[in-house]
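Under the UniProt record's numbering, residues 1 to 100 are what the sequence shown spells out, in order.
Yeah, the Cβ is synthetic: ideal placement off N, Cα and C, and Gly gets one too.
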Amino acid sequence: MDADTPTDEVLDELFSTIESRKAELPEGSYTTTLFTHEKGENYALEKLGEEVTETILAAKDDDREELLYESADLVYHLLVVLAMNDASLDDLREELKSRF
């Protein structure tokens with residue numbers, strides 16, 4: 001993903017990168033670590049839980065900048081967990097759409 005990616009395509013680009021890391025497992029990639037950690041999926045789930053807590057605390061503290069920062073971390077880790085479970089961004093979109 002680069003700075004020229006349109007804002008409305010950022011999630012798609014991020015998910016594409018996550019899927020690429022899942023398939024290729026390049027060394028030195030944090031995403032690779034989430035897919036290959038000795039704790040397995042539990043490691044990514046723990047990270048997701050940490051980000052949930054940090055997001056809640058930022059919101060509680062009325063810290064908008066921190067809230068956005070932690071929310072981005074939360075979304076990233078959620079997308080990793082979705083990829084681990086062979087769910088796509090389109091699957092998530094469909095689930096959200098079905099709720100209207």
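Item	Value
For L57 versus H77, is the C-beta distance shorter than 7 angstroms?	no
Please name the residue in D91, I18 and D63 whose C-alpha comes closest to that of D44.	For the sequence presented, residue 44 should be read as Ala rather than Asp. That would be I18, whose Cα lies nearest to the Cα of A44.
Out of curiosity, what's the CA-to-CA distance linking E94 and D63?	32 angstroms
Determine, using beta carbons only, whether T32 and P26 come nearer to each other than 7 angstroms.	yes
Any idea what DSSP makes of K97, helix, strand or coil?	helix
Between the alpha carbons of L67 and E50, how many angstroms are there, rounded?	14 angstroms
Classify L78 as helix, strand or coil using the three-state DSSP reduction.	helix
Are the CB atoms of T55 and S71 within a distance shorter than 7 angstroms?	yes
Between the Cα of residue 102 and those of D12, T53, L14 and V80, spot the shortest distance and give me the residue it belongs to.	As displayed, the chain neither begins before 1 nor continues past 100, which places residue 102 out of reach and without an answer.
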